[in-house]
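Q: Last residue of the sequence shown? That's 452 in the working numbering, and every number before it is there in order.
Just so you know, even glycine gets a beta-carbon here, dropped at the ideal spot from N, CA and C.
Being a predicted model, the structure only gives us computed values, none of them experimental.
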Amino acid sequence: MDEMDEKILKFIRKMHLLSLAVLDDGRPYCASCFYAFDEENLAFIVAGGEQSAHVRAFLAEPGVAGTVALDTKVVGKIEGVQFRALAAPATAQQSKIYFTRFPYALAMNPSLYALSLGWVKFTHNALGFGKKLIWQREQIE
């Protein structure tokens with residue numbers, strides 16, 4: 312697996328909310344999700360009820376896309392990632408990562424899912440206007 316640039320990892324570590332795009336029975340659907348990040352496997356870990364539209368959608372079609380963006384009106388501070396990932400149930404280790412970051416979520420006993428990153432584009436205007444870093448997971452033949 313190619314190593315992800317530390318600038319991308321630093322941004323992902325400091326944020327906690329992503330916007331997730333899925334196809335729900337062929338129609339686009341978006342959801343906002345709190346996330347924890349599994350750095351070893353390069354995956355966002357999100358919670359959701361099995362009856363929620365976004366979970367039903369990615370269980371049927373695991374290919375997803377999304378964004379994580381810094382909320383700013385200052386053009387020079389624009390920073391964010393766009394990503395493509397594959398969704399699957401989270402592992403026990405990923406559940407531990409999620410509940411360490413969001414211990415109050417234990418009370419809700421949510422189902423957890425990993426969004427395993429395959430491609431990331433990071434925009435960081437502080438590095439130069441329109442500066443983009445691209446990361447892609449190596450293809451295993």
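Locate the beta strand (DSSP E) running through T402, then write down its first and last residues.
A: Here residue 402 is taken as the residue at index 91 of the sequence shown, counted from 1. Premise fails: T402 is in no beta strand (DSSP E) and is neither H nor E.
Q: From the DSSP output, which residues share a beta bridge with K443?
A: Position 132 of the sequence shown holds residue 443. T434, per the DSSP bridge assignment.
Q: Can you find at least 3 beta carbon pairs, one from the stretch 409-419 and one from the stretch 432-440, that sit closer than 8 angstroms?
A: With the cut-off at 8 angstroms, the stretch 409-419 and the stretch 432-440 do not touch.
Q: For S427, which residues from the same chain have a beta carbon less than 6 angstroms from its beta carbon, with the 5 sequence-adjacent residues on both sides left out?
A: Residue mapping note: residue 427 aligns to position 116 of the sequence shown, counting from 1. Same-chain partners within the cutoff: A354, A396, L397.
Q: Starting from the C-beta of K443, find all residues in its chain whose C-beta is less than 7 angstroms away, skip the five residues before and the five after it, and write them out in chain order.
A: As a working mapping, residue 443 is identified with position 132 in the sequence shown. Contacts found: K432, F433, T434.
Q: For D316, collect the residues of the same chain with a Cβ closer than 8 angstroms to its Cβ; drop the 5 residues on either side in sequence, then sort them by chain order.
A: Against the sequence shown, residue 316 aligns to sequence position 5. Once the five neighbours on either side are set aside, the close Cβ partners of D316 are F433, L444, W446.
Q: Kindly indicate which residue of F394, K388, I389, L423 has the alpha-carbon position closest to the one of Q405.
A: As a first step, residue 405 is located in the sequence shown; it is residue number 94 there, counting from the start. Checking every option, the nearest Cα to that of Q405 belongs to L423.
Q: Measuring alpha carbon to alpha carbon, tell me which residue in I319, G359, E314 is nearest Q393.
A: Numbered from its first residue, the sequence shown carries residue 393 at position 82. Answer by Cα proximity: I319.
Q: With DSSP run on the structure shown, which of helix, strand or coil describes L317?
A: The residue labelled residue 317 in the question sits at position 6 within the sequence shown. The question names Leu, yet the displayed sequence has Glu at residue 317. Correct three-state label for E317: helix.
Q: If you drop the 5 nearest sequence neighbours on each side, which residues of the same chain put their C-beta closer than 6 angstroms to that of W430?
A: Position 119 of the sequence shown, counting from 1, holds the residue named residue 430. Around W430: R395, Q447.
Q: When we look at the beta-carbon of D336 and count the other beta-carbons within 10 Å, is it buried (16 or more) or exposed?
A: As a working note, residue 336 is residue 25 in the sequence shown. Its Cβ having fewer than 16 others within 10 Å, D336 is exposed.
Q: Determine the extent of the beta strand (DSSP E) in which L334 is found, giving its start and end residues.
A: As a position in the sequence shown, residue 334 is number 23, starting the count at 1. First-last of the beta strand (DSSP E) with L334: 328-335.
Q: Give the DSSP-derived three-state secondary structure of T378 in the structure shown.
A: If you number the sequence shown from 1, residue 378 lands on position 67. Looking at T378 - three-state DSSP - the assignment turns out to be strand.
Q: Applying the 10 Å Cβ sphere with the 16-neighbour rule, what's the burial state of A358?
A: Numbered from 1 along the sequence shown, position 47 holds the residue referred to as residue 358. The residue is buried, with at least 16 neighbouring Cβ atoms inside 10 Å.
Q: In this structure, how does DSSP classify P421 when only helix, strand and coil are distinguished?
A: To locate residue 421, count along the sequence shown from 1; it is residue 110. Correct three-state label for P421: coil.
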